[in-house]
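Engineer: Just dropping this structure here.
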Amino acid sequence: MSASETRQLIESYYKAFNALKPQEMTALVSDDIEHRVNEGAIRLGKEKFAEFGSHMGVSYREELKDIEIFVNADGSRAAAEFIVHGEYLQTDPGLPEAKGQKYILPAGAFFEVKGGKIARVTVFYNLNDWIAQVSA
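Per full-length UniProt numbering, the very first residue in the sequence shown carries number 1; after that it's consecutive.
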């Protein structure tokens, strides 16, 4: 893939995220996707990726703003930086109780692209900052 095609792929991924369409996000990842979430287990495969997307829609309502996408010259890797504007809807095990708390959190992600699909996505944010915001 060219750098411009990779940029379009990542833009489509985040457009689907913001439109609350996890099935469209899943269509953009490879069958053997490696999904590395912040402070969590590595999820391998499209089925685990789809399960995570469904869970997120129940526990959180998030919109990503100020998205900046960076792509290497051959289009095999990309990164994105953004601000998460969210609402905590349903308590996740091991986390503070959800009461509809709102939060704003800087975050980022790294991507590997193979065969026109996202083969790896690694997401980072400051969990302590999030916990402080939803616990206030």
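Here a beta-carbon is modelled for each residue, glycine too, at the ideal position from N, C-alpha and C.
Going by beta carbon distance, what residues of the same chain come within less than 7 Å of K65, once the five residues before and after it are set aside?
Structural biologist: Hits under 7 Å: F82, I83 and H85.
Engineer: Starting from the C-beta of T26, find all residues in its chain whose C-beta is less than 7 Å away, skip the five residues before and the five after it, and write them out in chain order.
Structural biologist: K46, F49, A50 and G53
Engineer: Keeping to the same chain, check which residues put their C-beta closer than 7 Å to that of T6; ignore five residues upstream and five downstream.
Structural biologist: Answer for T6: V71, G75, A78 and V113, listed in chain order.
Engineer: Mind checking H35: buried by the 16 CB within 10 Å criterion, or exposed?
Structural biologist: buried
Engineer: Do you know offhand how far S14's Cα is from L28's?
Structural biologist: Just to set this straight, residue 14 is Tyr in the shown sequence, not Ser. Rounded to whole angstroms, Y14 to L28 spans 11 Å at the Cα level.
Engineer: Tell me where the beta strand (DSSP E) around S76 begins and ends.
Structural biologist: For S76, no beta strand (DSSP E) run applies, since DSSP gives it neither H nor E.
Engineer: Comparing C-alpha positions only, which one of D92, F124 and S2 sits nearest to V58?
Structural biologist: D92
Engineer: Could you compute how far the alpha carbon of E87 sits from the alpha carbon of L9?
Structural biologist: Taking the straight line from one Cα to the other gives about 26 Å.
Engineer: Starting from L9 and walking both ways along the alpha helix (DSSP H), at which residues does that stretch end?
Structural biologist: A3 to N18
Engineer: Thinking C-alpha only, which one of R61, I33 and E39 is nearest I118?
Structural biologist: I33
Engineer: Can you give me the C-alpha to C-alpha distance between S2 and E97, rounded to a whole angstrom?
Structural biologist: Straight-line Cα distance between these residues: approximately 44 Å.
Engineer: Which ranges would you report for the beta strand (DSSP E) in the UniProt domain "SnoaL-like" (10 to 121) if only whole runs of at least 3 residues count?
Structural biologist: 29 to 36, 42 to 44, 60 to 71, 77 to 88 and 101 to 114
Engineer: Roughly how many angstroms separate the alpha carbons of D129 and P22, rounded to a whole number?
Structural biologist: 25 Å
Engineer: Rounded to the nearest angstrom, how far is the Cβ of Q101 from that of V123, given a contact under 8 Å?
Structural biologist: Not a contact, Cβ separation roughly 20 Å.
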